[in-house]
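K.L.:
Attaching a single structure in structure tokens format; questions to follow.
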Ligand SMILES: CC(C)(COP(=O)(O)OP(=O)(O)OC[C@H]1O[C@@H](n2cnc3c(N)ncnc32)[C@H](O)[C@@H]1OP(=O)(O)O)[C@@H](O)C(=O)NCCC(=O)NCCS
């Protein structure tokens, strides 16, 4: 069955059966995603099969204390708080795990961040890893743990833009 391209979550999408193996991310999708999107807290993008959501991510603006970032991302002297973007959620339904949906959603999210940062600023993308396994997933993708929490990681937008450009040019 064909999957949709990533599109904004609406009330028409069926999230009731979503299960990614991390209950907090299932709960967030079923309980908070739509209202957060409608209120403008988070942009939630989903991939679905005939309306049934099989993967999603959530993006929001954020700002952090510069002191938690590595020097290479912080650069000096930065504003305090330092404007960033937050990829707060990324998950694929277990029935579809390992089929490239997570990688595709992440690429879509990174491209959006680069576009958004060009329009309104944002020094870095911040991710909230749900656990140590997820933190490892982010480290393999070039994200650097913050100074005081290994589950909060950052990658500069400039670095993300350069890597997307390199892949597109390849
Ligand atoms: C991480 C996740 C989004 C990957 O989705 P997917 O559609 O299976 O991913 P793909 O098929 O594109 O690629 C598989 C990648 O996911 C990794 N992966 C698979 N299960 C994972 C898990 N439970 N936790 C972390 N990474 C996982 C694989 O190791 C592989 O990464 P690698 O290429 O670096 O080896 C999915 O496993 C998931 O929803 N996990 C639970 C939620 C989670 O940990 N989200 C991460 C951010 S908090």
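Residue numbers (the working numbering): 886 to 1055. Glycine included, C-beta positions come from ideal geometry on N, C-alpha and C.
1) With distances taken Cα to Cα, identify the nearest neighbour of residue 900 among 950, 1014, 966 and 977.
2) Skipping 5 residues on each side, what residues in its chain have a beta carbon closer than 7 Å to that of residue 935?
3) Go through its chain and collect everything with a Cβ distance to residue 1044's Cβ below 8 Å, but skip five positions before and after it.
4) Does DSSP put residue 994 in a helix, in a strand, or in coil?
5) Which runs of the alpha helix (DSSP H) at least 4 residues long sit entirely within the stretch 992-1045? Give them in chain order.
6) Secondary structure at residue 912, three-state DSSP: helix, strand or coil?
7) Would you list the residues whose beta-carbon is nearer than 6 Å to any heavy atom of ligand 1, in the order they occur in the chain?
8) May I have the straight-line CA-CA distance separating residue 1015 from residue 974, to the nearest angstrom?
9) Just to confirm, are residue 1038 and residue 1017 a CB contact at a threshold of 8 Å?
10) Check residue 959 in the structure and name its three-state DSSP category.
11) How big is the Cα-Cα spacing for residue 988 and residue 890?
12) Does the stretch 907-925 come into contact with the stretch 949-956, if we say contact requires no fewer than three beta-carbon pairs (one atom in each stretch) closer than 8 Å?
13) Please report the distance separating the alpha-carbon of residue 1053 from that of residue 1047.
14) Between the C-alpha atoms of residue 928 and residue 972, what's the straight-line distance to the nearest angstrom?
15) Identify, in the order they occur along the chain, each residue of the same chain with its Cβ nearer than 8 Å to the Cβ of residue 996, setting aside the five sequence neighbours on each side.
P.N.:
Checking against the coordinates, here is how it stands:
1) 977
2) 886
3) 1027
4) helix
5) 1017-1024
6) helix
7) 905, 906, 907, 910, 975, 976, 977, 982, 983, 984, 985, 986, 987, 988, 1014, 1015, 1018, 1019, 1022 and 1025
8) 9 Å
9) no
10) helix
11) 13 Å
12) no
13) 10 Å
14) 10 Å
15) 1049
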